[in-house]
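Peer 1: Got a structure for you, written out below as structure tokens; questions coming shortly.
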Amino acid sequence: MSDWKPEWKSEWKSEWAIDSWKSLEAQQQPDWPDRHQLGEICQRLASYPPLVFAGEVRALKRNLAQVSQGHAFLLQGGDCAESFNDFNANTIRDKLRIMLQMAVILTFGISKPVIKVGRIAGQFAKPRSSPVEEQEGCELPSFRGDSINDSEFSAEARRPDPNRLERSYFQSASTLNLLRAFTGGGFADLNQLHTWNQDFVANSPQGQRYAAMATHLGDALRFMSAVGIDSSTTPILSHVDYFTSHEALILEYEQALTRQDSMHGGYYDCSAHMLWIGERTRQTDGAHVEFLRGIRNPIGCKIGPQVSPDELLRLCDCLNPRNEPGRLTLITRFSHTRIASSLPPLVRAVQREGRSVVWSCDPMHGNTFSIGSYKTRDFDHILSELQQFCAIHQAEGTIPGGVHFELTGDNVTECIGGSMDLRAEQLCERYETTCDPRLNAEQSLEMAFLLTEMLHKKQPDKGADAS
Ligand code: TRP
Ligand code: MN
Numbered sequence: 002m003s004d005w006k007p008e009w010k011s012e013w014k015s016e017w018a019i020d021s022w023k024s025l026e027a028q029q030q031p032d033w034p035d036r037h038q039l040g041e042i043c044q045r046l047a048s049y050p051p052l053v054f055a056g057e058v059r060a061l062k063r064n065l066a067q068v069s070q071g072h073a074f075l076l077q078g079g080d081c082a083e084s085f086n087d088f089n090a091n092t093i094r095d096k097l098r099i100m101l102q103m104a105v106i107l108t109f110g111i112s113k114p115v116i117k118v119g120r121i122a123g124q125f126a127k128p129r130s131s132p133v134e135e136q137e138g139c140e141l142p143s144f145r146g147d148s149i150n151d152s153e154f155s156a157e158a159r160r161p162d163p164n165r166l167e168r169s170y171f172q173s174a175s176t177l178n179l180l181r182a183f184t185g186g187g188f189a190d191l192n193q194l195h196t197w198n199q200d201f202v203a204n205s206p207q208g209q210r211y212a213a214m215a216t217h218l219g220d221a222l223r224f225m226s227a228v229g230i231d232s233s234t235t236p237i238l239s240h241v242d243y244f245t246s247h248e249a250l251i252l253e254y255e256q257a258l259t260r261q262d263s264m265h266g267g268y269y270d271c272s273a274h275m276l277w278i279g280e281r282t283r284q285t286d287g288a289h290v291e292f293l294r295g296i297r298n299p300i301g302c303k304i305g306p307q308v309s310p311d312e313l314l315r316l317c318d319c320l321n322p323r324n325e326p327g328r329l330t331l332i333t334r335f336s337h338t339r340i341a342s343s344l345p346p347l348v349r350a351v352q353r354e355g356r357s358v359v360w361s362c363d364p365m366h367g368n369t370f371s372i373g374s375y376k377t378r379d380f381d382h383i384l385s386e387l388q389q390f391c392a393i394h395q396a397e398g399t400i401p402g403g404v405h406f407e408l409t410g411d412n413v414t415e416c417i418g419g420s421m422d423l424r425a426e427q428l429c430e431r432y433e434t435t436c437d438p439r440l441n442a443e444q445s446l447e448m449a450f451l452l453t454e455m456l457h458k459k460q461p462d463k464g465a466d467a468s
């Protein structure tokens, strides 16, 4: 039985302000050599246009409220870290395309709307296990992502440079601009289903399975068109709401992009639609929780095996004090060996206390290991964590609401296994990630197909018994 009591709430005596996080300890911040320059750049960022609009952020929150009730499913995915070098129209298109393919597989497979959220247009900063890295007796600050420093191992490259925050703002704006053009301009039209299958996957078993599904759907769409439902009468067939998200790590940047909504009051972090707090920065008395509790965006919180049920309830109270549906997504990342013991007590505590959350599974971050100098993940471990996630929620009568993947539309060789049977010896062929290993296009499609099978097993539908 939990000894959690609501009295601790009195700890939150102080009012939230856009900079109230500054009086608390912030983990994982770079050691900026010139704080004056940082201040100037953030002031400039604060004067620039927001990247997203509060109305869109509210729409995502409504969608996630649907997810929390089991009426929709959350698909969140993208790079571990975006990079300044790999920045062009093709990679943006390919990242969108694989998410659209997965979304279509899922929508068709589970007959529910799929809420599409990219780890994109702002995912530049990374928490690190050590603040320094040593190579051949030389110690330098760790690489913290392209919005902070450069991955090259030299003193100059590793010095945190606030100009990079501004550069990541402009790259995010430009990425978002192209995403908006694609998702509104015809690229995401359901009639284009076949064209999203890239050449290098088209002949693989997963590509063929996708093509067969696309043919089926094409028939259905032509039938609908014959009865008068097509993109011209029903724009929803051609247009997709694609939301953006990243880890809210560098609080100066997030504060600079936070704006008071002119229509409804309230603060929105307009750097992305959804922000999440990492496993390493989710201290209830820390700066990250303090900052995020005051903004109105939907918030994610990563949780690993260290979290206790009491601590989790405290987090729910801090981040979602009004228990608003869609506000808080708990993104669990336990590993395939620990989820069976770690998740059920947490699910029960949240359930017992009546907390509204979206449960989402990150099957990537608990399952990282190294083969030689390559960080990798095994498709079977990822799959196993996902399967257990679904089974546990099905057994507890709660909703497996979503998934959180690190993936790419490219033909990379970063995760081993899958039906393509990617071998350890092949990792060197196309290992391109700037941080963690990602599922490639074929592995991502396969994961989406397997996921629909897991979700197809009977799911509780919370709203259904209300009438
Ligand atoms: N707009 C709908 C949706 O987002 C249907 C749709 C259009 C769609 N293009 C899509 C769904 C691409 C998945 C992928 O669900
Ligand atoms: Mn990662």
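Residues in the sequence shown are numbered consecutively from 2, following our numbering. For every residue, glycine included, the Cβ atom is placed at its ideal position computed from N, Cα and C.
Below 8 angstroms, can you find three or more Cβ-Cβ pairs linking the region 52–68 to the region 262–269?
Peer 2: These segments touch.
Peer 1: Verify the contact flag: residue 167, CB atom, against every heavy atom of the ligand MN, threshold strictly below 7 angstroms.
Peer 2: Locating residue 167 in the sequence shown gives position 166, where the first residue counts as 1. No.
Peer 1: Could you name the residues whose beta carbon sits closer than 5 angstroms to any heavy atom belonging to the ligand TRP, keeping them in chain order?
Peer 2: Those residues, listed in chain order, are 101, 104, 105, 189, 191, 237 and 241.
Peer 1: Please work out which residues of its chain come closer than 8 angstroms, Cβ to Cβ, to residue 161, disregarding the five sequence neighbours upstream and downstream, and give them in chain order.
Peer 2: Taking the first residue of the sequence shown as 1, we reach residue 161 at position 160. Cβ neighbours of residue 161 beyond the five flanking positions: 31, 32, 33, 34, 142, 145, 149 and 150.
Peer 1: Report the rounded CA-to-CA distance for residue 19 versus residue 26, giving the unit in angstroms.
Peer 2: The sequence position of residue 19 within the sequence shown is 18, counting from 1. The sequence position of residue 26 within the sequence shown is 25, counting from 1. Cα to Cα, the separation comes out at about 15 angstroms.
Peer 1: Closer than 7 angstroms: is that where the CB of residue 270 sits relative to any heavy atom of the ligand MN?
Peer 2: The residue labelled residue 270 in the question sits at position 269 within the sequence shown. Incorrect: residue 270 has no Cβ contact closer than 7 angstroms to the ligand MN.
Peer 1: Taking 8 angstroms as the limit between beta carbons, can you name the residues of its chain near residue 1, skipping five residues before and five after?
Peer 2: With the chain represented from 2 up to 468, any question about residue 1 goes unanswered, as that position is not in the structure.
Peer 1: Under a three-way DSSP split, which group does residue 449 fall into?
Peer 2: To locate residue 449, count along the sequence shown from 1; it is residue 448. Three-state result, residue 449: helix.
Peer 1: Among residues of its own chain, excluding the 5 on either side of residue 468, which ones have a beta-carbon nearer than 6 angstroms to its beta-carbon?
Peer 2: The residue you call residue 468 lines up with position 467 of the sequence shown. Annotation note: pLDDT 38 at residue 468 (below 50); position unreliable, coordinate value reported separately. Closer than 6 angstroms at the Cβ level, and outside the excluded window around residue 468, lies no residue.
Peer 1: Can you tell me which of 281, 201 and 340 puts its alpha carbon nearest to the alpha carbon of residue 443?
Peer 2: Taking the sequence shown and counting its residues from 1, the one referred to as residue 443 is at position 442. Of the candidates 281, 201 and 340, the one whose C-alpha sits nearest the C-alpha of residue 443 is 201.
Peer 1: In whole angstroms, what separates the C-alpha of residue 100 from that of residue 138?
Peer 2: Within the sequence shown, residue 100 is the residue found at index 99, counting from 1. Within the sequence shown, residue 138 is the residue found at index 137, counting from 1. Distance between the alpha carbons of residue 100 and residue 138 is about 43 angstroms.
Peer 1: My output table needs one value for residue 42: the three-state DSSP class, helix, strand or coil.
Peer 2: By 1-based counting over the sequence shown, the position of residue 42 is 41. Residue 42: helix per DSSP, three-state reduction.
Peer 1: Strictly closer than 5 angstroms from CB to any heavy atom of the ligand MN: give me those residues in the order they appear in the chain.
Peer 2: Having a Cβ closer than 5 angstroms to some heavy atom of the ligand MN are 81 and 437.
Peer 1: Roughly how many angstroms lie between the CA atoms of residue 414 and residue 325, to the nearest whole one?
Peer 2: Within the sequence shown, the letter at position 413 stands for residue 414. Within the sequence shown, the letter at position 324 stands for residue 325. Those two C-alpha atoms are separated by around 41 angstroms.
Peer 1: Which residues mark the beginning and the end of the alpha helix (DSSP H) in which residue 102 is found?
Peer 2: Indexing the sequence shown from 1 puts residue 102 at position 101. Start and end: 90–111.
Peer 1: Take the Cβ of residue 71 as the centre, count every other Cβ of all protein chains shown within 10 Å, and call the residue buried at 16 or more, exposed below.
Peer 2: Looking up residue 71 in the sequence shown gives position 70. Answer is buried; the Cβ neighbour count reaches 16.
Peer 1: Can you tell me the Cβ-Cβ gap for residue 333 and residue 344, rounded? I've got them flagged as a contact below 8 angstroms.
Peer 2: The sequence position of residue 333 within the sequence shown is 332, counting from 1. The sequence position of residue 344 within the sequence shown is 343, counting from 1. About 6 angstroms separates the two Cβ atoms, so the contact holds.
Peer 1: Spatial neighbours of residue 43 within its chain, please: CB distance less than 6 angstroms, with the 5 preceding and 5 following residues excluded, ordered by chain position.
Peer 2: If you number the sequence shown from 1, residue 43 lands on position 42. So the qualifying residues of the chain are 253 and 257.
Peer 1: Going along the chain, which unbroken runs of the beta strand (DSSP E) with 3 or more residues stay wholly within the region 170–255?
Peer 2: For the region 170–255, whole beta strand (DSSP E) runs of length 3 or above, ordered along the chain, are 243–248.
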